[in-house]
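Novice:
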Amino acid sequence: MKNLTKQLLIILVVFLIIAGLFSTYNMPTQKSETVSLDKLIDHINKDEVQKLEIKGDEIDIYLANGVIEDTQKETGQSLTQLLDDYGVDKTKMQKIKIGIKENTGWSFWLSNIILPFIVPFLFIIAFFWFMMRGVKGANNQAMGFGQSRPREENNGKKEKKDKITFANVAGVKEAKEELKEIVEFLVSPKKFLALGAKIPKGVLLMGSPGTGKTLLAKAVAGEANVPFFSISGSEFVEMFVGVGASRVRDLFRRAKKSSPCIIFIDEIDAVGRQRGAGLGGSHDEREQTLNQILVEMDGFETSVNVIVMAATNRPDVLDPALLRPGRFDRRIILDDPDINDREAILKIHAENKPVEKDVNLRRVAERTPGFSGADLSNLLNEAAILAARRNKKKVSQAEVLESIEKVMLGPERKSHILSEEEKKITAYHEAGHALMSHLLPHADPVQKVSIISRGRAAGYTLKMPIADKHFHSLSEFKADIAVLLAGYLTEKEIFRELTTGASNDLKRATALAKEIITQYGMSDTLGPRTFGERDEMIFLGKEIHERRDYSEKTAELIDAEMNKMIKEGMATAIDLIKKKRPELDAIAAELMKKETLEKEEFEAIFLVEKK
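Per the working numbering, residue 554 is the first one in the sequence shown, and the count goes up by one each step.
Below, the structure written as structure tokens:
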């Protein structure tokens, strides 16, 4: 409808331009005044008329003083008859030059043929032409519905500064080593083919969201200087049957023409889920699309230098046929970056930002365990935004550290003002967490304590491990339970009253105790086995069923073990709270005074108490 309106407006504008040109062409060079016939007779009787020029029914009057006037006579009436009817003296008429002017040349054609006949005819033809062109475009859209629309990047034509290479990707050393072989396959395939080696057809990148799967795929294309076709798995699936399969065929056809190249399918689990597990039977549109992908990948000739790269964070739901050798030959796992990798990632993202010299990225890396590459990029971006809001020219350490808490917990809720009583309860609650985390040998050290509301928390205690951990012991789990319960127990000990502030701590402590017993087999009573089996029945992306593989008697034992573990944590926490009451009071007092304690300020309290 929008296109039709636009076309009609174009036709109208063209018509108005033609009419305007014609009006300009016929416009007299000298302006004349229109008078009545009585005025013309009066001029003739006074011998003031030098010349009369007749153009149809219009009479141009040229006076002796140089003035030009015009008048109009009746259609079909001659000038002689007109003057006789008015009784003009014929001797006076003999002194006047009379000329008759007819339309000739362009004026005649424009006024008698082009404007009355040809222009309307051309207008009608143009209208139907635009209408037919619109219908043709709609037909082309319908015919092109089954074509893929990948985002294509031609790295061979890109400037060096715009290319993404392995230098732009920090960490993931093992993954980059694997992918360097893929680059060699693309750059010099003959070296491998001469030895009978087959070029890998598919590379599956597996990892948590934000670990750099898409970035690595672009880096491979940039290193090899080959075209890069990027498309999401969800773009294949449509409501019409056969469209997804058609788009797959079109994508691989384009890729073969641009060989050597890389096809990158992001979130392949949207189309590559295990067949027969959905709700649409075995012939739904998604499964037909997956079948076509399987056929295309298996049908590659050895001479076709096209590599399919795919990314997913749910490899467990992919169809086994998609993962077999010959399709996705290589599976590369991308873990969350360790402390050294986080520091390297921060350095890359800090290159295009003006930062102060005192910014210690190593310290930032220490405070961000579990952060992915995307999280770290977002962290520095939030720091830059915060610095801009404070009208600073450079990003300082204060903005970077504050952004860590903003990313983890949310922005400060300055409007969430606590009463003095609530502020005191929050201070002692967080002091309990911090005290327990500092005193227990297997707990993580405290980095910061605050009673400023962030997100949904009234206060928070930020504790981070000294080094990255890949395994966790039972002692560490028990220490974590004691730390979680410390806030609840501190409120009970100090105020002899309980509040709702500890609800989330209790929930996390209960969940951790359950995991220790049912998943990690760390219970002496129940032994080294797991309890409960999750069925991978997926509906709308969620697990909706957990099957119990144990009896009611075992369920009672699990509950008893969970209660025992919680009580052990309570006993540990309450014992230390009573023994270290002076330190607890000191921490709470400092929090009431300053609201926030950094690591150095927090540890200084214990040095003072020792003295």
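The C-beta atom is built at its ideal place from N, Cα and C for all residues, glycine as well.
For the pair the segment 972 to 980 and the segment 930 to 948, tell me if three or more CB-CB distances fall below 8 angstroms.
Specialist: As far as the Cβ criterion goes, the segment 972 to 980 does not touch the segment 930 to 948, which means the pair count is below three.
Novice: Relative to the alpha-carbon of R867, which residue among T1107, E788, S761, S799 has its alpha-carbon at the smallest distance?
Specialist: Counting from 1 along the sequence shown, the entry for residue 867 is found at position 314. Ranking T1107, E788, S761, S799 by Cα distance to R867 puts S761 first.
Novice: Where in the segment 922 to 953 do unbroken runs of the alpha helix (DSSP H), each at least 4 residues long, occur, reported from the N-terminal end onward?
Specialist: Whole alpha helix (DSSP H) segments, 4+ residues: 926 to 942.
Novice: Nearest-angstrom Cα distance between A941 and T764?
Specialist: Locating residue 941 in the sequence shown gives position 388, where the first residue counts as 1. Locating residue 764 in the sequence shown gives position 211, where the first residue counts as 1. Their backbone Cα atoms lie some 28 angstroms apart in a straight line.
Novice: Quick one: measure Cβ to Cβ for L1110 and L1059, integer angstroms, because I've assumed they're closer than 8 angstroms.
Specialist: The residue you call residue 1110 lines up with position 557 of the sequence shown. The residue you call residue 1059 lines up with position 506 of the sequence shown. Wrong, their Cβ atoms sit about 22 angstroms apart, outside the cutoff.
Novice: Can you find a CB in chain D that lies within less than 8 angstroms of the CB of D1138?
Specialist: Protein chain content of the structure displayed is limited to a single chain, and chain D is not contained in it.
Novice: Is M696 helix, strand or coil when you go by DSSP?
Specialist: Residue numbering aside, residue 696 sits at position 143 when the sequence shown is read from its first letter. Confidence in M696 is poor, its pLDDT being 45 and thus under 50, which makes the residue's placement unreliable; the coordinate value appears in the next sentence. Helix.
Novice: What residues match up with S1003 in a beta bridge as DSSP calls it?
Specialist: Taking the sequence shown and counting its residues from 1, one reaches residue 1003 at position 450. According to DSSP, S1003 bridges with Y1013, T1149.
Novice: Between R920, A984, H991, M862, which lies nearest to I1140 when the distance is taken from Cα to Cα?
Specialist: For the purposes of this step, residue 1140 is identified with residue 587 of the sequence shown, where counting begins at 1. Measuring from the Cα of I1140, the nearest candidate turns out to be A984.
Novice: CB-CB under 6 angstroms to A1062, same chain, minus the five flanking residues each way: which ones, in chain order?
Specialist: Counting from 1 along the sequence shown, the entry for residue 1062 is found at position 509. The answer, listed in chain order, is I1034, L1037, L1038.
Novice: Going by DSSP in three states, I1229 sits in which element: helix, strand or coil?
Specialist: Here the chain comprises residues numbered 554 to 1164, so residue 1229 is not present and cannot be evaluated.
Novice: How many Å lie between G1085 and L1065 at the Cα?
Specialist: Along the sequence shown, read from residue 1 onward, the residue named residue 1085 stands at position 532. Along the sequence shown, read from residue 1 onward, the residue named residue 1065 stands at position 512. Looking at the two C-alpha atoms, the distance is approximately 15 angstroms.
Novice: Return the residue from the list L757, I649, D888 that minimises the CA-CA distance to G825.
Specialist: If you number the sequence shown from 1, residue 825 lands on position 272. Here the closest residue by C-alpha is L757.
Novice: I'd like the list of long-range same chain contacts for T718, defined as Cβ closer than 7 angstroms, with 5 residues on each side in sequence excluded.
Specialist: Within the sequence shown, the letter at position 165 stands for residue 718. Excluding sequence neighbours, T718 sits near A772, G775, E776.
Novice: Mind checking which residues open and close the alpha helix (DSSP H) that includes F745?
Specialist: Residue mapping note: residue 745 aligns to position 192 of the sequence shown, counting from 1. Run containing F745: 742 to 746, per the alpha helix (DSSP H) assignment.
Novice: Exposed or buried, which one is A1157 when buried takes at least 16 other CB atoms within 10 Å?
Specialist: In the sequence shown, counting from the first residue as 1, residue 1157 sits at position 604. By the neighbour-count rule (16 or more Cβ atoms within 10 Å), A1157 is not buried but exposed.
Novice: How many angstroms separate the CA atom of R863 from the CA atom of I818?
Specialist: Within the sequence shown, residue 863 is the residue found at index 310, counting from 1. Within the sequence shown, residue 818 is the residue found at index 265, counting from 1. Checking the sequence, you will find Ala at residue 863 rather than Arg. Distance between the alpha carbons of A863 and I818: 5 angstroms.
Novice: Once you ignore the five residues that flank L929 on each side, which residues in its own chain have a CB closer than 7 angstroms to its CB?
Specialist: For this step, residue 929 is matched to residue 376 along the sequence shown. Around L929: R895, I898, L899, H902, T921.
Novice: If we count Cβ pairs, one from each stretch, closer than 8 angstroms, do we get three or more for the segment 878 to 894 versus the segment 906 to 913?
Specialist: Too few Cβ pairs lie closer than 8 angstroms, so no.
Novice: Cα-Cα, which of I651, M1017, V779 is closest to K809?
Specialist: Position 256 of the sequence shown, counted from the first residue, corresponds to residue 809. Considering only alpha carbons, the answer is V779.
Novice: Per DSSP, R966 forms a beta bridge with which residues?
Specialist: On the sequence shown, position 413 is the one that residue 966 refers to. Paired residue(s): none; R966 is not in a bridge.
Novice: Should E1153 go down as buried or exposed, given a rule of 16 or more other Cβ atoms within 10 Å for buried?
Specialist: As a working mapping, residue 1153 is identified with position 600 in the sequence shown. E1153 is exposed by the Cβ-count criterion.
Novice: Starting from the Cα of I1004, find the closest Cα among D869, M1075, G1074, K1146 and give me that residue.
Specialist: Locating residue 1004 in the sequence shown gives position 451, where the first residue counts as 1. It is K1146 whose Cα lies nearest to the Cα of I1004.
Novice: Looking at C-alpha atoms only, which residue of E1114, R1101, I1047, A1055 is the closest neighbour of G1074?
Specialist: Your numbering for residue 1074 matches position 521 in the sequence shown. Ranking the options by Cα distance to G1074, first place goes to E1114.
Novice: Could you please give the first and the last residue of the uninterrupted alpha helix (DSSP H) stretch that includes Y981?
Specialist: Looking up residue 981 in the sequence shown gives position 428. First-last of the alpha helix (DSSP H) with Y981: 973 to 992.
Novice: Which of the three DSSP states is assigned to A723 in this structure?
Specialist: Taking the first residue of the sequence shown as position 1, residue 723 is located at position 170. Correct three-state label for A723: coil.
Novice: Let me make sure I understand the geometry here. Which of R806, F924, L932, T842 has the alpha-carbon closest to that of A859?
Specialist: Sequence index remark: in the sequence shown, residue 859 carries index 306 (1-based). The sequence as given places Val at residue 859; Ala does not occur at that position. Checking every option, the nearest Cα to that of V859 belongs to R806.
Novice: Grab me the residues of A1032's own chain with a C-beta within less than 6 angstroms of its C-beta, minus the 5 sequence neighbours each way, in chain order.
Specialist: The residue labelled residue 1032 in the question sits at position 479 within the sequence shown. Here the set comprises L993, H995, A996.
Novice: For A863, which of helix, strand or coil comes out of DSSP?
Specialist: Your numbering for residue 863 matches position 310 in the sequence shown. Strand.
Novice: Can you tell which of D803, V912, S1076 has its C-alpha closest to the C-alpha of S1028?
Specialist: Along the sequence shown, one-based indexing puts residue 1028 at 475. Here the closest residue by C-alpha is S1076.
Novice: May I have the straight-line CA-CA distance separating T865 from F1159, to the nearest angstrom?
Specialist: Position 312 of the sequence shown holds residue 865. Position 606 of the sequence shown holds residue 1159. For T865 and F1159, the distance between alpha carbons rounds to 48 angstroms.
Novice: Taking 7 angstroms as the limit between beta carbons, can you name the residues of its chain near G963, skipping five residues before and five after?
Specialist: As a first step, residue 963 is located in the sequence shown; it is residue number 410 there, counting from the start. Correct list, in chain order: R1007, G1008.
Novice: For the alpha helix (DSSP H) that T1043 lies in, which residues bound it at each end?
Specialist: On the sequence shown, position 490 is the one that residue 1043 refers to. Start and end: 1027 to 1048.
Novice: Around the C-beta of D872, are 16 or more other C-beta atoms found within 10 angstroms, so that it is buried, or is it exposed?
Specialist: In the sequence shown, counting from the first residue as 1, residue 872 sits at position 319. Classification for D872: buried.
Novice: For a test of the three-state rule: what should DSSP assign to R920, helix, strand or coil?
Specialist: Translated into the one-based positions of the sequence shown, residue 920 becomes position 367. Three-state result, R920: coil.
Novice: Specify, as a first and last residue, the run of the beta strand (DSSP E) that R1173 falls within.
Specialist: Because the chain spans 554 through 1164 in this model, residue 1173 falls outside it and cannot be assessed.
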